[in-house]
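In the numbering used here, the protein residues as written are 137 to 265.
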């Protein structure tokens, strides 16, 4: 989800913003990379990003009108009273998540339950799409 201050009504409204600031995690964050790509594709030039190490800091900056960010829906749902949340096209909004573990690692009952829950949840999501 594109997360903006409440005053921003659409992605198109950002195109007229001079020196748009992006509020992001440090280098290596896939959402940061997607945000940079989204803005470039829309022809929006962003200033040097402001980097933070906590989600609360990022959301507080966006709510305070400092800039915009891109985060998963579940992460921003609790803050929707202080920010604006904009849906994105499927080619940008769908993110593949991988769970990687060592094949030879011990699988506890908790880990097995997690894997089964993830698989069943993923199947339900895939069927709904």
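Note that beta-carbon positions come from the ideal geometry of N, C-alpha and C, so glycine has one too.
Beta carbon of residue 205 nearer than 7 Å to that of residue 221
no
Out of 173, 157, 190, which one is the CA nearest neighbour of residue 229?
For the residues 173, 157, 190, the minimum Cα distance to residue 229 belongs to 173.
Quick one, which of 212, 217, 187 has its alpha-carbon nearest residue 157's?
187
Three-state secondary structure (DSSP) of residue 180
coil
Within the continuous alpha helix (DSSP H) that includes residue 198, where are the two ends?
It spans 191-199 - the alpha helix (DSSP H) in which residue 198 sits, taken as one unbroken run.
Could you check if residue 237 is buried or exposed, using at least 16 other CB atoms within 10 Å of its CB as the buried criterion?
exposed
Span of the alpha helix (DSSP H) around residue 139
From DSSP, residue 139 is part of no alpha helix (DSSP H) but of the beta strand (DSSP E) over 138-140.
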